[in-house]
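Undergrad:
2 protein chains.
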Amino acid sequence: MNEIKIFSPATVANVACGFDVLGFCLDSVGDDMVIRKTDKKGIHITKIEGFDLPYEAELNVAGVSALAMYEDAKPDCGFEIEIYKNIKPGSGIGSSAASAVGSVFGMNELLGRPYNKTQLTEFAIKGEAIASNCEHADNLAPALFGGFTLVKSITPVQILEIPSPDDLYATIIHPQIEIKTSESRAVLPKKVPLTDAIEQWANLGSLVHALHTSDYNLISNSLNDVIVEPYRSQLIPHFNEVKQAALKNGALGAGISGSGPSIFSLSKSSQVALKVKDAMNKIYSKTGIKFEIHISKINTQGVKII
Amino acid sequence: MNEIKIFSPATVANVACGFDVLGFCLDSVGDDMVIRKTDKKGIHITKIEGFDLPYEAELNVAGVSALAMYEDAKPDCGFEIEIYKNIKPGSGIGSSAASAVGSVFGMNELLGRPYNKTQLTEFAIKGEAIASNCEHADNLAPALFGGFTLVKSITPVQILEIPSPDDLYATIIHPQIEIKTSESRAVLPKKVPLTDAIEQWANLGSLVHALHTSDYNLISNSLNDVIVEPYRSQLIPHFNEVKQAALKNGALGAGISGSGPSIFSLSKSSQVALKVKDAMNKIYSKTGIKFEIHISKINTQGVKII
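Line order of the protein sequences matches chains A and B.
Take 1 as the starting number for the first sequence in the numbering used here and just add one per residue.
Take 1001 as the starting number for the second sequence in the numbering used here and just add one per residue.
So this is what it looks like as structure tokens:
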């Protein structure tokens, strides 16, 4: 096998109560990538469609993670990477993570899987870091492992795979506005009230328990963010309106996807997720802001060969 | 049935990474109580052995929780309470919680169980509040439900029962010194760094997952407290020495029990718990400070009739 085509999925990080550690994987949105073994040594990005991104491997998220792996594996070949990007950079649903994950997953397959997913996460972190200026894995982990993941730590990389009930669907609205990562970081306080932190970890512990026990009511009760949402939601037009409409239409919960501007909700059943989509659509249709809405089952597989 | 004798267990709250929300129940330490139906109306504490505590129901933890239930149930009888206190007040292993839980559990049994455990928690909170000047349930919940519990919220009371592996044992050393609750609260900061809070909720989420999956290594990796221990451990003589000795002798983790001064550790198997006991004993024997050490299996039943 010298060439494979892969699907690298979009992901939702933070998930209300799990800022910086929790994430889940989407099914219906993601990038396609072709990875090809070549005689010519090195990493070469030969095609990028969808968005305007750098072709130089050292400047491209997929290239940097590929180089990190390439320098470790020292294979007797090179790799070409084609990127068919569907996830808009800066959307808040793991665009850079999908790129970082896709290249290392594909190369690993072509090399006969010398690395496990934890090791692939380590390489992918290097790519993710050039997009966000810091090493984090809350989008990488669900893109690689699928399902819900908890990033226990990144030094060393320790990813926990949290089970989730079968009938869980996400609805995600992506307003086509740009929030600079620097801005979404700047609004966060360096210190938080201990009482708020306690409430947040009660919710996260509770959500992990709820996912293990397929307790939809408890999932719903746990999807609260008292730490980040009060600050970042101000950067997202009509956030509260969208969130309230989602809840009113039966969603278990809603919140900011990653650092925004996308807003996610979780629902029990595709029917409810569809109702939530209609409600979100109605609100944003009036705003004049361009947007996309995705419905997705939780993707338990993660990145895959297609 | 007009009289029952019950065992109301000691408990460990906080459990390193779960400040204010997590707790577990002990088997080998606890108070005995006799609850008796009487024709004479009202709540009457008729005997207290072990420690010097008030006989006036309105001033006694067991009395206050009993009164809260009594006023709700409005039964056609009264109750006498005898308290055989083995858990020293202020020890950090849920002395007041055992009292608060014992009276309402016993009365509920004698009345034919009109209340569930969540409702009993609500009454017991009223008793606990007069001991600690605030409403909390992180000791009450494990005393009532047994095992590991997570207090999702107290308004309304929502307690989650977290499963735990069979071979988990606690070793607890109780230095016979007094730390005032007011002092142990005063040392805590009102605000905490967001990065520390993130580490804490990663650990708590991880511990809940580890308990669900009986992953002893992950239990061990998760038992870290970056929020409270740095402050409160300074109030406990030889804390670090005891903690390090526990870890060196095979404990999965160790930390402050409740607000101290007791120090708990968790071990896989009773043999390791015994080694940890010996190591703790060796350290404290040299200090001149009186102490007690308990080894206990995790008590999955909680308060019970004996």
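For every residue, glycine included, the Cβ atom is placed at its ideal position computed from N, Cα and C.
Tell me the residue span of the beta strand (DSSP E) that contains residue 1010(B).
TA: Working through the second sequence from its first residue, we reach residue 1010(B) at position 10. In the DSSP assignment, residue 1010(B) falls within the beta strand (DSSP E) that extends over 1003-1013.
Undergrad: Let's see if you can read the secondary structure: which residues bound the alpha helix (DSSP H) around residue 252(A)?
TA: Against the first sequence, residue 252(A) aligns to sequence position 252. First-last for residue 252(A): undefined, no H or E at that position.
Undergrad: Which chain A residues sit within Cβ distance under 7 angstroms of residue 1020(B)?
TA: Residue 1020(B) sits at position 20 when you count from the first residue of the second sequence. Per Cβ cutoff of 7 angstroms: 198.
Undergrad: Within 9 angstroms (strictly less), CB to CB, does residue 258(A) reach chain B?
TA: In the first sequence, the residue the question calls residue 258(A) occupies position 258. Answer no: the Cβ-Cβ gap between residue 258(A) and chain B never drops below 9 angstroms.
Undergrad: With a threshold of 8 angstroms, are at least 3 pairs of Cβ atoms found where one atom belongs to the stretch 91-98 of chain A and the other to the stretch 22-33 of chain A?
TA: Taking a cut-off of 8 angstroms on C-beta distances, the stretch 91-98 of chain A touches the stretch 22-33 of chain A, as three or more cross pairs fall below it.
Undergrad: Pull up the DSSP beta-bridge partners for residue 36(A), would you.
TA: Stepping through the first sequence from its first residue, residue 36(A) is reached at position 36. Beta-bridge pairing links residue 36(A) to 3(A), 80(A).
Undergrad: Where residue 14(A) and residue 20(A) are concerned, what is the direct C-alpha to C-alpha distance, given to the nearest angstrom?
TA: Against the first sequence, residue 14(A) aligns to sequence position 14. Against the first sequence, residue 20(A) aligns to sequence position 20. The alpha-carbon atoms of residue 14(A) and residue 20(A) are separated by roughly 6 angstroms.
Undergrad: What residues from chain A crowd round residue 1136(B), counting only those whose CB sits closer than 9 angstroms?
TA: As a working mapping, residue 1136(B) is identified with position 136 in the second sequence. The CB of residue 1136(B) never comes closer than 9 angstroms to any CB in chain A; the least such distance is about 10 angstroms.
Undergrad: When DSSP labels each residue in this structure, what does residue 1241(B) get in the three-state scheme?
TA: As a first step, residue 1241(B) is located in the second sequence; it is residue number 241 there, counting from the start. Helix, per DSSP.
Undergrad: Looking at the unbroken alpha helix (DSSP H) that takes in residue 122(A), where does it start and where does it end?
TA: By one-based count along the first sequence, residue 122(A) stands at place 122. It spans 117-132 - the alpha helix (DSSP H) in which residue 122(A) sits, taken as one unbroken run.
Undergrad: Return no unless some Cβ of chain B is closer than 9 angstroms to the Cβ of residue 150(A).
TA: The residue you call residue 150(A) lines up with position 150 of the first sequence. Residue-level contact by beta carbon holds for residue 150(A) and chain B, with a gap shorter than 9 angstroms.
Undergrad: Classify residue 9(A) as buried or exposed, calling it buried when 16 or more other Cβ atoms lie within 10 Å of its own Cβ.
TA: By 1-based counting over the first sequence, the position of residue 9(A) is 9. Looking at its Cβ environment, which holds 16 or more other Cβ atoms inside 10 Å, residue 9(A) is buried.
Undergrad: How would you label residue 36(A), buried or exposed, when you count the other beta carbons within 10 angstroms and need 16 or more for buried?
TA: Reading the first sequence from its first residue, position 36 is the one you call residue 36(A). Residue 36(A) is buried by the Cβ-count criterion.
Undergrad: From 1104(B), 1262(B), 1003(B), 1213(B), pick the residue whose C-alpha is nearest to that of residue 1292(B); which is it?
TA: Residue 1292(B) sits at position 292 when you count from the first residue of the second sequence. Minimum Cα distance to residue 1292(B) is reached at 1262(B).
Undergrad: Could you tell me the alpha carbon to alpha carbon distance between residue 105(A) and residue 98(A), rounded to whole angstroms?
TA: Stepping through the first sequence from its first residue, residue 105(A) is reached at position 105. Stepping through the first sequence from its first residue, residue 98(A) is reached at position 98. When rounded, the distance between both Cα atoms is 10 angstroms.
Undergrad: Counting only Cβ pairs nearer than 9 angstroms, list the residues of chain B close to residue 192(A).
TA: The residue given as residue 192(A) occupies position 192 in the first sequence. Simply 1191, 1192, 1193, 1194, 1197.
Undergrad: Which term fits residue 232(A), buried or exposed, when burial requires 16 or more other beta carbons within 10 angstroms of its beta carbon?
TA: Here residue 232(A) refers to the residue found at position 232 of the first sequence. Buried: at least 16 other Cβ atoms inside 10 Å.
Undergrad: Going by DSSP, which residues form a beta bridge with residue 1176(B)?
TA: One-based indexing of the second sequence puts residue 1176(B) at position 176. The partner list for residue 1176(B) (beta bridge, DSSP) is empty, contrary to what the question assumes.
Undergrad: Could you say which of 1165(B), 1170(B), 1147(B), 1166(B) lies nearest to residue 1159(B) if we only look at CA atoms?
TA: Your numbering for residue 1159(B) matches position 159 in the second sequence. Nearest option by C-alpha distance: 1147(B).
Undergrad: Going by DSSP in three states, residue 1055(B) sits in which element: helix, strand or coil?
TA: On the second sequence, residue 1055(B) is found 55 positions in, with the first residue counted as 1. The answer is coil: DSSP assigns residue 1055(B) none of H, G, I, E or B.
Undergrad: So, with DSSP's three-state summary, where would you put residue 1277(B)?
TA: In the second sequence, counting from the first residue as 1, residue 1277(B) sits at position 277. Looking at residue 1277(B) - three-state DSSP - the assignment turns out to be helix.
Undergrad: Residue 162(A) versus chain B: which residues are under 7 angstroms apart at the beta carbon?
TA: Residue 162(A) sits at position 162 when you count from the first residue of the first sequence. By Cβ distance, chain B contributes 1209.
Undergrad: So is residue 1233(B) in contact with chain A if we call contact Cβ pairs under 9 angstroms?
TA: For the purposes of this step, residue 1233(B) is taken as the residue at position 233 of the second sequence. Chain A contact via Cβ: absent.
Undergrad: Taking the straight line between their C-alpha atoms, what separation do you get for residue 1144(B) and residue 141(A)?
TA: Here residue 1144(B) refers to the residue found at position 144 of the second sequence. Here residue 141(A) refers to the residue found at position 141 of the first sequence. Going by the C-alpha atoms only, they are around 38 angstroms apart.
Undergrad: Strictly below 9 angstroms CB to CB, what residues from chain B border residue 204(A)?
TA: Indexing the first sequence from 1 puts residue 204(A) at position 204. What residue 204(A) touches in chain B: 1201, 1202, 1204, 1205, 1208.
Undergrad: I want to know whether the stretch 271-287 of chain A touches the stretch 119-137 of chain A - three or more CB-CB distances under 8 angstroms.
TA: Contact fails: fewer than three Cβ-Cβ distances are below 8 angstroms.
Undergrad: Taking the Cβ atom as the reference point for each residue, do residue 62(A) and residue 100(A) lie within a distance shorter than 9 angstroms?
TA: Here residue 62(A) refers to the residue found at position 62 when the first sequence is read from its first residue. Here residue 100(A) refers to the residue found at position 100 when the first sequence is read from its first residue. Taking 9 angstroms as the Cβ cut-off, residue 62(A) and residue 100(A) qualify as a contacting pair.
Undergrad: Going by DSSP, which residues form a beta bridge with residue 1283(B)?
TA: Working through the second sequence from its first residue, we reach residue 1283(B) at position 283. None; residue 1283(B) has no bridge partner.
Undergrad: Would a C-beta distance cut-off of 9 angstroms place residue 1211(B) and residue 1162(B) closer than the cut-off?
TA: If you number the second sequence from 1, residue 1211(B) lands on position 211. If you number the second sequence from 1, residue 1162(B) lands on position 162. In this structure, residue 1162(B) lies closer than 9 angstroms to residue 1211(B) by Cβ.
Undergrad: Listing by chain order, which chain B residues have their CB less than 9 angstroms from the CB of residue 221(A)?
TA: Reading the first sequence from its first residue, position 221 is the one you call residue 221(A). Neighbours of residue 221(A) across chain B, judged by C-beta separation under 9 angstroms: 1152, 1153, 1158.
Undergrad: Going straight from the alpha carbon of residue 1107(B) to that of residue 1175(B), what length do you get?
TA: Locating residue 1107(B) in the second sequence gives position 107, where the first residue counts as 1. Locating residue 1175(B) in the second sequence gives position 175, where the first residue counts as 1. Roughly 33 angstroms between the two C-alpha positions.
Undergrad: Taking the continuous alpha helix (DSSP H) assigned at residue 1101(B), which residues delimit it?
TA: The count along the second sequence starts at 1 and reaches residue 1101(B) at position 101. It spans 1095-1110 - the alpha helix (DSSP H) in which residue 1101(B) sits, taken as one unbroken run.
Undergrad: Is residue 30(A) closer than 9 angstroms to residue 83(A) when the C-beta atoms are compared?
TA: Your numbering for residue 83(A) matches position 83 in the first sequence. Your numbering for residue 30(A) matches position 30 in the first sequence. No, the pair does not count as a contact, with Cβ atoms beyond the cut-off.
Undergrad: Find the residues of chain B that neighbour residue 212(A), judging by a C-beta separation of less than 7 angstroms, and give them in chain order.
TA: Counting from one through the first sequence, the residue named residue 212(A) turns up at place 212. Result: 1212.
Undergrad: For the stretch 206-224 of chain A and the stretch 1195-1215 of chain B, state whether three or more C-beta atom pairs, one from each stretch, are separated by less than 8 angstroms.
TA: They touch, by the three-pair rule.
Undergrad: Can you tell me where the beta strand (DSSP E) holding residue 49(A) begins and where it ends?
TA: By one-based count along the first sequence, residue 49(A) stands at place 49. 42-49 is the span of the beta strand (DSSP E), which, as asked, contains residue 49(A).
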